[in-house]
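Just below is one structure, and these are the notes that go with it.
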Amino acid sequence: MPSYVVVGASRGIGLEFVRQLANSTHLSALVTDANCVNVHVVQSDVVDHRAMKAAAEEVAALSGGAVDVLIHNAARMYGPNFYRGLTNYEDDDTLDAEFMQSFQVNVLGIIHSVNAFLPLLRRGAAKKIILVSTGAGDRDVVWRARFDSAAAYGVTKAAANMVAIKYAVQLEPEGFVVVALSPGTVDVSATAAEEPDEFSRVELARIVENVKKVVPGHRSLTPAESV
93 MPSYVVVGAS RGIGLEFVRQ LANSTHLSAL VTDANCVNVH VVQSDVVDHR AMKAAAEEVA
153 ALSGGAVDVL IHNAARMYGP NFYRGLTNYE DDDTLDAEFM QSFQVNVLGI IHSVNAFLPL
213 LRRGAAKKII LVSTGAGDRD VVWRARFDSA AAYGVTKAAA NMVAIKYAVQ LEPEGFVVVA
273 LSPGTVDVSA TAAEEPDEFS RVELARIVEN VKKVVPGHRS LTPAESV
């Protein structure tokens with residue numbers, strides 16, 4: 093049976109990946125955060141490369157040293173400054189902190205995860221790496237929807253798309269397939285880590301309305317529909 097590592101599986105889309113993989117009779121899921129009979133829980137932190145390597149070693153012991161598919165879903169999508177645009181942070185120090193923390197999770201977090209599990213993926217049969225992306229990091233989507241908020245998230249997710257391309261080019265000779273997939277607009281509020289404040293609620297509503305102007309009939313998907 094193919095084995096999967098899902099990084100960032102405690103809530104939302106990542107949790108739904110785990111649920112669907114675990115419920116499949118043909119699959120065995122290896123994940124970083126879940127609770128099911130055919131799921132192994134390995135706790136780690138994507139911003140800590142040592143912790144990710146330790147997690148990979150733990151997974152190797154469970155999987156016989158090989159993994160077929162890596163799904164990276166972990167991202168920074170929380171905090172009072174998440175929806176800030178480039179010009180409406182309280183001060184430059186706050187802007188710097190938000191961008192640095194977002195880069196650590198959304199860019200370096202991917203690199204640490206892929207590099208940690210690459211030896212296992214090389215011994216796997218499928219050799220597939222899936223990075224969960226977003227329209228917030230797509231230039232055309234941002235322009236058409238006039239998506240000026242969530243600046244740190246959008247900028248770092250755009251960088252994450254480049255990370256996917258770099259890995260795809262570098263690993264292609266080894267038979268790897270590396271893709272960045274956008275799940276669409278997904279309502280993950282049911283498993284959110286925290287309640288949004290008033291500013292965040294207003295900005296989110298504005299984003300949704302702008303997207304509807306570009307895509308008539310647009311609606312947010314559930315995690316199950318998205319996956």
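In this note's numbering, the protein residues as written are 93 to 319. Quick reminder that beta carbons are idealized off the backbone N, C-alpha and C, glycines included. All figures in this text were calculated on a predicted structure; none of them were measured in a lab.
Specify, as a first and last residue, the run of the alpha helix (DSSP H) that His204 falls within. Note, His204: alpha helix (DSSP H), 201–214.
Would a C-beta distance cut-off of 8 Å place Ile221 and Val199 closer than the cut-off? The criterion of a C-beta distance shorter than 8 Å is not satisfied by Ile221 and Val199.
Straight-line Cα distance separating Gln196 from Phe239: Straight through space, the alpha carbons of Gln196 and Phe239 are spaced by roughly 23 Å.
What do you get for Asp160, buried or exposed, if any count of 16 or more other CB atoms within 10 angstroms of its CB means buried? Burial is judged here by how many other beta carbons sit within 10 angstroms of a residue's own beta carbon; Asp160 has at least 16 and is buried.
CA-to-CA distance, Gly216 to Val271, given in whole angstroms: Our two residues, Val271 and Gly216, have alpha carbons roughly 17 Å apart in a direct line.
Val247 versus Ser225 - alpha carbon distance: Computed Cα separation, rounded: 12 Å.
What do you get for Pro305, buried or exposed, if any count of 16 or more other CB atoms within 10 angstroms of its CB means buried? Correcting the residue type first, residue 305 is Lys in the shown sequence and not Pro. By the 10 Å Cβ count, Lys305 comes out exposed.
For His310, report the span of its beta strand (DSSP E) as first-last. Per DSSP, His310 is not a residue of any beta strand (DSSP E), being assigned neither H nor E.
Check whether the region 284–299 and the region 168–177 touch, using three or more Cβ-Cβ pairs below 8 Å as the test. The count of Cβ pairs closer than 8 Å, one atom from the region 284–299 and one from the region 168–177, reaches three, so the stretches are in contact.
Through-space distance from Met93 to Gly267, alpha-carbon basis: So the alpha carbons of these two residues sit roughly 19 Å apart.
Give the straight-line distance between the Cα atoms of His132 and Lys145, rounded to the nearest whole angstrom. Between the alpha carbons of His132 and Lys145 lies a gap of roughly 16 Å.
Name, in chain order, the residues that DSSP records as bridge partners for Lys220. In the DSSP output, where bridge partners are listed per residue, Lys220 has Val161, Val269.
Neighbourhood of Val151 by C-beta distance below 7 Å, restricted to the same chain and skipping five residues each side: Result list for Val151: Val97, Leu122, Val134, Val159, Leu212, in chain order.
Residue of Thr186, Gly157, Val261, Val255 minimising C-alpha distance to Arg214: The residue with the shortest Cα to Cα distance from Arg214 is Gly157.
Per DSSP, the bridge partner or partners of Val278: DSSP output for Val278 lists Leu313 as bridge partner(s).
I think Ala251 touches Gly177, with their Cβ atoms under 8 Å apart; what is that distance to the nearest whole Å? Actually they do not touch by this definition, with Cβ atoms about 18 Å apart.
Can you tell me whether Arg142 is buried or exposed, with buried defined as 16 or more other CB within 10 angstroms of its CB? Residue environment: Arg142 is assigned as exposed (fewer than 16 neighbouring CB atoms within 10 Å of its CB, all protein chains considered).
Considering Met144, what are the terminal residues of the alpha helix (DSSP H) in which it resides? Here the alpha helix (DSSP H) through Met144 covers 141–155.
Span of the alpha helix (DSSP H) around Tyr181: No alpha helix (DSSP H) holds Tyr181; DSSP gives it neither H nor E.
Ala237 beta carbon less than 8 Å from that of Val303: Cβ atoms of Val303 and Ala237: closer than 8 Å.
Span separating the alpha-carbon of Asn165 from that of Phe191: Whole-angstrom Cα-Cα distance: 19 Å.
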